[in-house]
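**Student:**
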Amino acid sequence: MAMASVASRTALTSTSFSGKQVKSNAPRQLVLSRKVANVKANYSPRAPKPSDGMGSISAKKRLVFTRRPASEVSEMITPVVEDIESTQTDFIAETQLPTHGGFFRVRAYRHWVNGFPTEPLAIVHGDVEGMEEVPVRVHDACFTSEVLGSMKCDCAEQLQQALNYIQDNGPGVVVYLQQEGRGIGLANKIAAYMMQEQGHDTVDANRVLGLPDDCREYTAVAEMIKDMNIKSIKLITNNPRKINCLTDLGVNVADRIACLIDSNEVNDGYLKAKANRMDHMMDHMN
Numbered sequence: 005m006a007m008a009s010v011a012s013r014t015a016l017t018s019t020s021f022s023g024k025q026v027k028s029n030a031p032r033q034l035v036l037s038r039k040v041a042n043v044k045a046n047y048s049p050r051a052p053k054p055s056d057g058m059g060s061i062s063a064k065k066r067l068v069f070t071r072r073p074a075s076e077v078s079e080m081i082t083p084v085v086e087d088i089e090s091t092q093t094d095f096i097a098e099t100q101l102p103t104h105g106g107f108f109r110v111r112a113y114r115h116w117v118n119g120f121p122t123e124p125l126a127i128v129h130g131d132v133e134g135m136e137e138v139p140v141r142v143h144d145a146c147f148t149s150e151v152l153g154s155m156k157c158d159c160a161e162q163l164q165q166a167l168n169y170i171q172d173n174g175p176g177v178v179v180y181l182q183q184e185g186r187g188i189g190l191a192n193k194i195a196a197y198m199m200q201e202q203g204h205d206t207v208d209a210n211r212v213l214g215l216p217d218d219c220r221e222y223t224a225v226a227e228m229i230k231d232m233n234i235k236s237i238k239l240i241t242n243n244p245r246k247i248n249c250l251t252d253l254g255v256n257v258a259d260r261i262a263c264l265i266d267s268n269e270v271n272d273g274y275l276k277a278k279a280n281r282m283d284h285m286m287d288h289m290n
């Protein structure tokens, strides 16, 4: 009975957009249109770095997928790498957010890559505007660990460590990006997990599926840092690719702060693969 009641209420719900009532008894979706830009950058194409398989593609390219009928995983995933021809990052709103770990300012942005939007956040502690050597963590979303509590990676622990750090050593910022699975997306990450169950490590699991090792891009970060008038940063990371990408985008990375997490009985192999195969600076895993 309770579920029937919920379904009935859902069918009768109406939602207001710009003062107009839109009845929801037919399938609808919210479509975002891109308007006047206040932050924009254009990049010329650059060939991806050669490696086994697709490897880590250039941060000036993006991964796109085509849809087709499939009977097995290898057919479901059809990745294509395209040049990033345009990006745009717009500030949307800021709010004070009380959390179980303290108070933060949350600044919401909308970031467009070749016309497709994501919504990155700047989670800010203290007054960072105009400051130098601000501790900044650039963190990519990980639904499996941050929501479901997965033990297969160290992402949730790194996020919490960074939030604690900017509170204790602030002012600072955690930039939260919607780039699940090193940019391949949540569904593809689950497919890669299936490959890991067959014995592949985190790098080879992607390659078996025809996916890149890493395809994250950071133009939003550069524009968000510029928008907050941060002069230079201390990047909270173990990943040299992230340092190089941000430096190439003009971010003044003055120093690095390690973000080391001890392994557990599940993710020891994952962390060792990051250290040994992706050159993450994680001496504690050697």
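By my numbering, the letter at position 108 of the sequence shown is numbered 112, and the numbering carries on one by one without gaps. Don't be surprised by glycine CBs; every beta carbon is placed ideally from N, CA and C. Because the structure is a prediction, the values reported are computed rather than measured.
Please determine, among A195, Y197, M155, A145, the residue with the shortest C-alpha to C-alpha distance to V178.
**Tutor:** When C-alpha distances from V178 are compared across A195, Y197, M155, A145, the shortest belongs to A145.
**Student:** Hey, could you find the ends of the beta strand (DSSP E) R281 is sitting in?
**Tutor:** It is not in any beta strand (DSSP E) - R281 instead sits in the alpha helix (DSSP H) that spans 272-281.
**Student:** If I measure Cβ to Cβ from N173 and keep anything under 8 Å in the same chain, skipping five residues before and after, which residues do I get?
**Tutor:** P139
**Student:** Which runs of the alpha helix (DSSP H), 4 residues or longer, sit entirely within the region 139-176?
**Tutor:** 147-150, 159-173
**Student:** Rounded to the nearest angstrom, what separates R32 and C263 at their Cα positions?
**Tutor:** The predicted position of R32 is uncertain, since its pLDDT is 47 and thus under 50; a value taken from the coordinates is nonetheless stated next. C-alpha separation (whole angstroms): 42 Å.
**Student:** Do you know how far the Cα of G153 is from the Cα of A11?
**Tutor:** Because the pLDDT at A11 is just 37, under 50, the model does not fix this residue reliably, and the point stays unresolved.
**Student:** Taking just the CA atoms, how far does F108 sit from L253?
**Tutor:** 27 Å
**Student:** Which residue wins for smallest C-alpha separation from I261, given the options I127, N118, A166, M155?
**Tutor:** A166
**Student:** Report, in whole angstroms, the separation of the C-beta atoms of G134 and K235, which I expect to be a contact under 8 Å.
**Tutor:** 7 Å
**Student:** With a floor of 4 residues, list each alpha helix (DSSP H) that falls wholly inside the region 199-231, ordered by position along the chain.
**Tutor:** 206-212, 223-231
**Student:** Among R186, G187, V212, which residue has its Cα nearest to the Cα of M198?
**Tutor:** V212
**Student:** Write down the C-beta distance between A126 and M228 rounded to the nearest angstrom, noting that I regard them as a contact closer than 8 Å.
**Tutor:** 5 Å
**Student:** Which of the three DSSP states, helix, strand or coil, is assigned to V35?
**Tutor:** Residue placement at V35 is flagged as unreliable, the pLDDT there being 47, under the threshold of 50; the coordinate-derived value follows with that caveat. Reduced to three states, the DSSP call for V35 is coil.
**Student:** Would you give the residue range spanned by the alpha helix (DSSP H) that L250 belongs to?
**Tutor:** 244-252
**Student:** Who are the near neighbours of L181 in its chain, counting only those whose CB is closer than 6 Å to its CB and skipping five residues on each side?
**Tutor:** Taking C-beta separations shorter than 6 Å and ignoring five residues to either side along the sequence, the partners of L181 in its chain run P124, D144, following chain order.
**Student:** Assuming V117 contacts I88 under a Cβ cut-off of 8 Å, what Cβ separation, rounded to an integer in Å, is found between them?
**Tutor:** The C-beta distance from V117 to I88 rounds to 6 Å, short enough to meet the 8 Å contact threshold.
**Student:** Provide the residue span of the beta strand (DSSP E) that contains Q182, from first to last.
**Tutor:** In the DSSP assignment, Q182 falls outside any beta strand (DSSP E), carrying neither H nor E.
**Student:** If I follow the unbroken beta strand (DSSP E) through D94, where does it start and stop?
**Tutor:** 91-103
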